[in-house]
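As numbered in full-length UniProt numbering, residues 1 to 92 make up the sequence shown, in order.
All C-beta atoms, glycine included, are put in the ideal place defined by N, C-alpha and C.
First up is the structure itself, then whatever we jot down about it.
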Amino acid sequence: MPASGVSAAAIAARLSAVGLPTRVEEHARFTSVEAEVPEALSAESWKEVLAAVAEADRFGLLVTCRNGRTLRAVVEKPVPTTGDVRGPGHQR
Numbered sequence: 001m002p003a004s005g006v007s008a009a010a011i012a013a014r015l016s017a018v019g020l021p022t023r024v025e026e027h028a029r030f031t032s033v034e035a036e037v038p039e040a041l042s043a044e045s046w047k048e049v050l051a052a053v054a055e056a057d058r059f060g061l062l063v064t065c066r067n068g069r070t071l072r073a074v075v076e077k078p079v080p081t082t083g084d085v086r087g088p089g090h091q092r
């Protein structure tokens, strides 16, 4: 598992320990963790949630009347440091 996946799994584990159901998804450039956040979450639980997502590269909370509150944390995958990272068709 890439380092981003390990970090995302650790974040997901901390959120699950608070009682939030989580989903971890691998993407080409990052790994994301999503969790549904109930309306009634104690201040102590919020502290743990914020401490967990602070380990991510970025995070946010989406609130809608239809789907409730969804927390998303993103851990970026490292950019290759060797070889031609500019892609095909570009000469050095």
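Provide the residue span of the beta strand (DSSP E) that contains residue i, from first to last.
i	result
L62	R58 to T64
V79	Per DSSP, V79 belongs to no beta strand (DSSP E) and is neither H nor E.
Please identify the residue among the options whose C-alpha is closest to the C-alpha of residue i.
i	options	result
A8	V37, V79, A43 and A54	A54
A12	A56, S42 and K47	A56
L15	E36, R29, R66 and K77	E36
P38	K77, T64 and R69	R69
Looking at the strands, I want to know which residues DSSP matches up with residue i.
i	result
L71	A35 and L61
V24	V33
To the nearest angstrom, how far is it from the Cα of residue i to the Cα of residue j?
i	j	result
V75	A40	27 Å
L62	A10	21 Å
L20	K47	13 Å
E26	A52	19 Å
R31	S45	Reading off the sequence shown, one finds Thr at residue 31, where the question assumed Arg. Straight-line Cα distance between these residues: approximately 23 Å.
V6	R72	16 Å
C65	R29	30 Å
V24	A43	25 Å
Residue i lies in the alpha helix (DSSP H); which residues open and close that run?
i	result
E55	Taken as a continuous stretch (DSSP letters only), E55 belongs to no alpha helix (DSSP H), as it is neither H nor E.
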